[in-house]
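Working notes for the structure below.
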Ligand SMILES: [Zn+2]
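In the numbering used here, the protein residues as written are 2 to 129.
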């Protein structure tokens, strides 16, 4: 079989898997931190709600809580993307565009290990 320049070799897949696992650990810690922060804010809001009804403090906590929960959601979504990419590595479908079936390309995968589409199919393009 001739060497396909677009084919991903095992060394590259190992590297990507390693990068994904490292990011997964970082995101996981972030998710835990945001989760406990959200819990602390939720408790504070309850206290503030009963102590200072009609004042603005409880609202500030609510806004903080929304922000933290939003950030938590994002991290959880990111963890899902990382898990999906790890699944694709395990299944042998990693690096294949889910839209056109073509190769996503090494450079793009190195920059974005969780990419599911090639640059042509990715609309709107990321990073704009
Ligand atoms: Zn494509």
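The beta-carbon is built from N, C-alpha and C at its ideal position, and this holds for glycine as well. Small disclaimer: the values here were computed from a predicted structure and weren't measured.
Around the C-beta of residue i, are 16 or more other C-beta atoms found within 10 angstroms, so that it is buried, or is it exposed?
i: residue 64; result: exposed
i: residue 22; result: exposed
i: residue 85; result: exposed
i: residue 119; result: buried
i: residue 11; result: exposed
i: residue 67; result: exposed
i: residue 17; result: buried
i: residue 62; result: buried
i: residue 2; result: Note that residue 2 scores 46 on pLDDT, short of 50, meaning its location in the model is unreliable; the coordinates nonetheless yield the value given after this. Exposed: under 16 other Cβ atoms inside 10 Å.
i: residue 116; result: buried
i: residue 47; result: exposed
i: residue 60; result: exposed
i: residue 49; result: buried
Please confirm whether any heavy atom of ligand 1 lies closer than 8 Å to the CB of residue i.
i: residue 100; result: yes
i: residue 103; result: yes
i: residue 68; result: no
i: residue 118; result: yes
i: residue 121; result: yes
Contact check, residue i vs residue j under 8 Å by CB: the rounded distance?
i: residue 90; j: residue 14; result: 6 Å
i: residue 35; j: residue 92; result: No, residue 35 and residue 92 are not in contact; Cβ-Cβ is about 30 Å, not under 8 Å.
> Does the pairing of the region 31 to 45 with the region 70 to 89 give three or more beta-carbon distances under 8 Å?
Replying inline: Proximity of the region 31 to 45 to the region 70 to 89 meets the contact definition, three or more beta-carbon pairs being nearer than 8 Å.
>> For the pair the region 32 to 46 and the region 91 to 109, tell me if three or more CB-CB distances fall below 8 Å.
In response: no
>> Going residue by residue through the region 33 to 93, where are the continuous alpha helix (DSSP H) segments of at least 4 residues, counting only ones entirely within it?
In response: 58 to 92
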